[in-house]
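**Student:**
Number of protein chains: 2
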Amino acid sequence: MSGWLIVAGLGPGADAMVTPEVSVALAEATDVVGYIPYVARVPERPGLTRHASDNRVERDRALHALEMAEAGARVVVVSSGDPGVFAMAAAIFERVEEDPTRWHDLDIRVLPGITAMLAASARAGAPLGHDFCAINLSDNLKPQALIERRLALAAEADFAIALYNPRSKARPDALDAAFALLRETCGDNRPVLFARAVSTPEEVLRIVPLPEAKGEMADMRTVVIIGSSRTRMIPHAGQPILYTPRTTP
Amino acid sequence: MSGWLIVAGLGPGADAMVTPEVSVALAEATDVVGYIPYVARVPERPGLTRHASDNRVERDRALHALEMAEAGARVVVVSSGDPGVFAMAAAIFERVEEDPTRWHDLDIRVLPGITAMLAASARAGAPLGHDFCAINLSDNLKPQALIERRLALAAEADFAIALYNPRSKARPDALDAAFALLRETCGDNRPVLFARAVSTPEEVLRIVPLPEAKGEMADMRTVVIIGSSRTRMIPHAGQPILYTPRTTP
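These protein sequences, in sequence, are chains A and B. First residue of the first sequence: 1132, per our numbering; consecutive thereafter. First residue of the second sequence: 1132, per our numbering; consecutive thereafter.
1) Below 8 Å on C-beta distance, what does B:VAL1227 contact in chain A?
2) Per DSSP, what are the beta-bridge partners of A:ASP1162 in this structure?
3) Which residues does DSSP pair with A:ALA1265 in a beta bridge?
4) From the DSSP secondary-structure annotation, give me the bridge partner or partners of A:VAL1135.
5) So, are the CB atoms of B:PRO1322 and B:LEU1268 less than 8 Å apart?
6) Mind listing the chain A neighbours of B:ILE1266? Cutoff is C-beta to C-beta under 7 Å, in chain order.
7) With 16 as the cutoff for other CB atoms within 10 Å, does A:ALA1139 come out buried or exposed?
8) Roughly how many whole angstroms lie between the Cα atoms of B:ARG1363 and A:ILE1223?
9) Please check the pair B:ALA1288 and A:ALA1285, which I expect to be a contact at CB under 8 Å, by giving their CB distance rounded to whole angstroms.
10) Would B:MET1148 pass as an interface residue toward chain A - the criterion being a Cβ-Cβ separation below 8 Å?
11) Taking A:LYS1345 as the query, report the chain B residues whose CB atoms sit under 8 Å from its CB, ordered along the chain.
12) Counting only beta-carbon separations shorter than 8 Å, does A:THR1353 have a partner in chain B?
13) Give every residue of the same chain whose Cβ lies closer than 6 Å to the Cβ of B:ALA1218, excluding the five residues on either side of it in the sequence, and list them in chain order.
14) What span of residues does the alpha helix (DSSP H) with A:PHE1325 cover, start to end?
15) Which residues of chain B have a Cβ atom closer than 8 Å to the Cβ of A:SER1211, listed in chain order?
16) In angstroms with no decimal places, state the Cα-to-Cα distance between B:PRO1214 and B:ASP1319.
17) In its own chain, which residues sit with a C-beta less than 6 Å from the C-beta of B:GLU1198, not counting the 5 before and 5 after it?
18) Could you tell me the boundaries of the alpha helix (DSSP H) in which A:ILE1245 lies?
19) Could you check if A:MET1351 is buried or exposed, using at least 16 other CB atoms within 10 Å of its CB as the buried criterion?
20) Quick one: grab the DSSP three-state call for A:ALA1393.
21) Could you list which residues in chain A have their beta carbon closer than 7 Å to that of B:ASP1236, in chain order?
22) Does the CB of A:VAL1323 have a neighbour CB from chain B at under 8 Å?
23) Between B:SER1330, B:ALA1291, B:ASP1270, which has its C-alpha nearest B:ALA1308's C-alpha?
24) Check whether chain B comes within 8 Å of A:THR1331, counting only Cβ atoms and requiring the distance to be less than that.
25) Can you name the residues that DSSP bridges to A:VAL1354?
26) Ordered along the chain, which non-local residues of its own chain (more than five positions away) have a Cβ less than 8 Å from that of B:LEU1242?
27) Give me, in chain order, the residues of the same chain whose beta-carbon lies closer than 6 Å to that of B:VAL1329; leave out the 5 immediate sequence neighbours on both sides.
28) Could you spell out where the beta strand (DSSP E) holding A:MET1364 opens and where it closes?
29) Taking Cβ-Cβ distances shorter than 7 Å, what residues in chain B pair up with A:LEU1284?
30) Which residues mark the beginning and the end of the alpha helix (DSSP H) in which A:ARG1314 is found?
31) For A:LEU1259 and B:VAL1216, what's the separation of their Cα atoms in angstroms?
32) Quick check on the DSSP output: the alpha helix (DSSP H) that includes A:ARG1337 runs from which residue to which?
33) Please list, in chain order, the residues of the stretch 1150 to 1180 of chain B that have any C-beta partner in chain A closer than 8 Å.
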């Protein structure tokens, strides 16, 4: 068996943030598999077949990729950001776990990428410069009660909090509910960063205090970062610097 | 003023994980500043001065970099991993905040890199595939009580937990204390990943159940990831796959 499966992170959008090892994998691939806008980031070339599929079909996509690699293809499953953060790597391994004997000898590797919260953090300054957590706000695959519990404990722990998938058409109020919950524990001084489409031409950064944060400030291309009690802003040319110092008194 | 300051992440070690935008910044730099082993990763070339300094002098290093950029130099401050995760970006901004007027117009940018926990996660599978947190175990700059509080709340929230700076000569028992604390809340089935020097020739991965995890399994080049209650292993050729599924029942 000479086929392989690589789950690769394309970073937040700019080609300048795609790691060389991911570029090499894409150059060697016979097949690229993924969500439509991510596959569109891989240019067409002779010898490469691009398999773009809609969101919410991760299970089918994962099996398709595994089966092509089993048959000898060199398959790259692409994710935006990092494939190990709320993305395709776990979806692939869920499929592998369903039939571990079948896939036992298949060459499967994960190549990391620049995940959205770290790209956003870098653009804004360093809001994740101290202890932080990442929470997926989607309730597709976990109970809403668990999301609320994690948000409350994260606020109590005084983590900076990155929220992935903060908003979708199916859950228009989820982010407002999260802000309301965080306001119960956090003081009014926490800054909230809405970072949309970082590193693309559509990039927009917006920082507001937690009491003024609204769900409508995010869309599906936004990552939201709520500062810890220590996160602050420094006036600076162009845009303020948002950062969390290393020191806690 | 034509100088600039870029805080850049070199990733965990392999050149194949350095983003193109970081490589461009290094090629344009007149000065590279950082901790000795990180500066050593930037090859010498005519026109480039390398300023390597010891650990624990981040404040001096930050001011030095700012002053060179102010004087017109093109300065890259290098961090391992991502500069915004327990690294030099926050140290630079702490200095900026001390005298924001002086540095108001200086061109300062942060370029993200592949941070240690995400490189480790990719190598092992996808243990950070669901909600997770990152905690710096060093008590240099924060009270030990806050570290313990965050560990306890993170365990209660059932996050996967990445521990940075898990061990140093000054704190030989800190990691054992963290494991003892986590064992109070977490069940015995949590896997613990010790990922040392990922992507370098010295890379070593080791996975043990939480009851068998010992501080001596980590050193200064190790990142430690404690799984959530959902993290599990799949038998696989070469090494088992460690991952956290997306679904929580």
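Yeah, the Cβ is synthetic: ideal placement off N, Cα and C, and Gly gets one too.
**Tutor:** On the basis of the supplied data:
1) Indexing the second sequence from 1 puts residue 1227 of chain B at position 96. Going along chain A in sequence order, the residues near B:VAL1227 (Cβ under 8 Å) are ILE1365, HIS1367, ILE1372.
2) In the first sequence, residue 1162 of chain A corresponds to position 31, counting from 1. Residue pairing by DSSP places A:ASP1162 opposite A:THR1180, A:VAL1206 in a beta bridge.
3) Residue numbering aside, residue 1265 of chain A sits at position 134 when the first sequence is read from its first letter. In the DSSP output, where bridge partners are listed per residue, A:ALA1265 has A:ALA1293, B:PHE1263.
4) Against the first sequence, residue 1135 of chain A aligns to sequence position 4. It should be pointed out that residue 1135 of chain A corresponds to Trp in this sequence rather than to Val. Its beta-bridge partners are A:ARG1205, A:ASP1238.
5) Mapped onto the second sequence, residue 1322 of chain B falls at position 191. Mapped onto the second sequence, residue 1268 of chain B falls at position 137. Cβ atoms of B:PRO1322 and B:LEU1268: not closer than 8 Å.
6) Counted from its first residue, the second sequence places residue 1266 of chain B at position 135. Simply ASP1262.
7) Residue numbering aside, residue 1139 of chain A sits at position 8 when the first sequence is read from its first letter. Around the beta carbon of A:ALA1139, 16 or more other beta carbons sit within 10 angstroms, so the residue counts as buried.
8) Sequence index remark: in the second sequence, residue 1363 of chain B carries index 232 (1-based). Sequence index remark: in the first sequence, residue 1223 of chain A carries index 92 (1-based). Their Cα atoms are separated by approximately 14 Å.
9) Looking up residue 1288 of chain B in the second sequence gives position 157. Looking up residue 1285 of chain A in the first sequence gives position 154. Contact holds; Cβ gap of about 6 Å.
10) Residue numbering aside, residue 1148 of chain B sits at position 17 when the second sequence is read from its first letter. Closer than 8 Å to some Cβ of chain A, the Cβ of B:MET1148 qualifies, so yes.
11) Here residue 1345 of chain A is taken as the residue at index 214 of the first sequence, counted from 1. Ordered by position in chain B, no residue passes the 8 Å Cβ test against A:LYS1345, which lies about 23 Å from the chain.
12) Position 222 of the first sequence, counting from 1, holds the residue named residue 1353 of chain A. Chain B, which has no Cβ nearer than 8 Å to the Cβ of A:THR1353, makes this no.
13) Counted from its first residue, the second sequence places residue 1218 of chain B at position 87. Cβ within range, chain order: SER1210.
14) Counting from 1 along the first sequence, the entry for residue 1325 of chain A is found at position 194. Run containing A:PHE1325: none in the alpha helix (DSSP H); it sits in the beta strand (DSSP E), 1322 to 1327.
15) Locating residue 1211 of chain A in the first sequence gives position 80, where the first residue counts as 1. Result: empty, since nearest Cβ-Cβ is about 14 Å, beyond 8 Å.
16) Position 83 of the second sequence, counted from the start, is the residue given in the question as residue 1214 of chain B. Position 188 of the second sequence, counted from the start, is the residue given in the question as residue 1319 of chain B. One Cα belongs to B:PRO1214, the other to B:ASP1319, and the distance between them is close to 34 Å.
17) The sequence position of residue 1198 of chain B within the second sequence is 67, counting from 1. Correct list: empty, nothing qualifies.
18) Residue numbering aside, residue 1245 of chain A sits at position 114 when the first sequence is read from its first letter. Run containing A:ILE1245: none; DSSP gives neither H nor E here.
19) The residue given as residue 1351 of chain A occupies position 220 in the first sequence. Its Cβ having fewer than 16 others within 10 Å, A:MET1351 is exposed.
20) The shown model of chain A, from 1132 to 1380, leaves out residue 1393 of chain A, and the question about it has no answer.
21) Counting from one through the second sequence, the residue named residue 1236 of chain B turns up at place 105. Simply ALA1368.
22) Locating residue 1323 of chain A in the first sequence gives position 192, counting from the first residue. No - not a single Cβ of chain B is within 8 Å of the one on A:VAL1323.
23) Numbered from its first residue, the second sequence carries residue 1308 of chain B at position 177. B:ALA1308 has its Cα closest to that of B:ASP1270, out of B:SER1330, B:ALA1291, B:ASP1270.
24) Residue mapping note: residue 1331 of chain A aligns to position 200 of the first sequence, counting from 1. Answer no: the Cβ-Cβ gap between A:THR1331 and chain B never drops below 8 Å.
25) Here the question's residue 1354 of chain A lines up with position 223 in the first sequence. In DSSP, A:VAL1354 forms a bridge with A:ALA1326.
26) Within the second sequence, residue 1242 of chain B is the residue found at index 111, counting from 1. Result list for B:LEU1242: ILE1137, VAL1138, ALA1139, GLY1140, THR1150, GLU1152, VAL1153, ALA1156, PRO1214, in chain order.
27) Here residue 1329 of chain B refers to the residue found at position 198 when the second sequence is read from its first residue. Here the set comprises PRO1143, ALA1250, ALA1251, ARG1254.
28) Within the first sequence, residue 1364 of chain A is the residue found at index 233, counting from 1. A:MET1364 -> beta strand (DSSP E) spans 1363 to 1365.
29) Counting from 1 along the first sequence, the entry for residue 1284 of chain A is found at position 153. For the C-beta of A:LEU1284, the chain B residues within less than 7 Å are, from N- to C-terminus, LEU1284, GLU1287, ALA1288.
30) By 1-based counting over the first sequence, the position of residue 1314 of chain A is 183. 1305 to 1316 is the span of the alpha helix (DSSP H), which, as asked, contains A:ARG1314.
31) Working through the first sequence from its first residue, we reach residue 1259 of chain A at position 128. Working through the second sequence from its first residue, we reach residue 1216 of chain B at position 85. Roughly 6 Å separates the two Cα atoms.
32) As a first step, residue 1337 of chain A is located in the first sequence; it is residue number 206 there, counting from the start. Element bounds for A:ARG1337: not the alpha helix (DSSP H) but the beta strand (DSSP E), 1335 to 1340.
33) THR1150, PRO1151, GLU1152, VAL1155
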